[in-house]
Amino acid sequence: MLQRPIELAQFTSWAFTRRVQEAGLAPSMGTIGDCYDNGMMESFWGRMQTELLNRRRWRTRIELANAIFEYLEIFHNRQRRHSSLGMLTPNEYERLHPITLSVA
Numbered sequence: 034m035l036q037r038p039i040e041l042a043q044f045t046s047w048a049f050t051r052r053v054q055e056a057g058l059a060p061s062m063g064t065i066g067d068c069y070d071n072g073m074m075e076s077f078w079g080r081m082q083t084e085l086l087n088r089r090r091w092r093t094r095i096e097l098a099n100a101i102f103e104y105l106e107i108f109h110n111r112q113r114r115h116s117s118l119g120m121l122t123p124n125e126y127e128r129l130h131p132i133t134l135s136v137a
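The structure is reproduced here in C-alpha cells:
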C-alpha cells in the first residue's frame, strides 16, 4: 500500500521557506491534522485512491509511477470533468481561462 506523509519534512525547512518567498509565493501549511486546511488536495488524493490506487496491486514502483502519470496526464487533466470547474476538464478550463502573468 502506498502511504504518503501528511507533512513532508523538506517542505518545512528554512531553505524551502526562503526559496518559496524568493519566488513571491506564500506557502500554505496549517495545523497538523486539520482536514479543512487543504480540502481540495485531500479530495484529490481521495479520488485518486478510489479511482486508481485501490483497484489493483502494483508489481513494481515503475508500474505504479507509470499508472499515476497516466491517471494525471491522460485521465484527470484531459478527460475527467470537475464540478468545481463547471463540469469542464482542467485542460478545457485552462484553455478558456488563460492566466496572464505580469513581469515585476
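Quick note: the sequence shown uses my numbering, first residue 34, plus one each step. Every residue, glycine too, gets a C-beta built ideally from N, C-alpha and C.
Cutting at 8 Å between CB atoms, please list the residues of its own chain near Y126, excluding the five before and the five after it. H115, L118 and G119
Cα separation between R76 and P123? Strictly speaking, residue 76 in this sequence is Ser, with Arg absent from that position. Approximately 15 Å between the Cα atoms of the pair.
Drop a sphere of 10 angstroms on the beta-carbon of H130, count the other beta-carbons inside from all chains shown, and report buried for 16 or more, exposed for fewer. exposed
How about W91 and L97: are their beta carbons less than 8 Å apart? yes
Which two residues bound the contiguous alpha helix (DSSP H) that contains S116? No alpha helix (DSSP H) holds S116; DSSP gives it neither H nor E.
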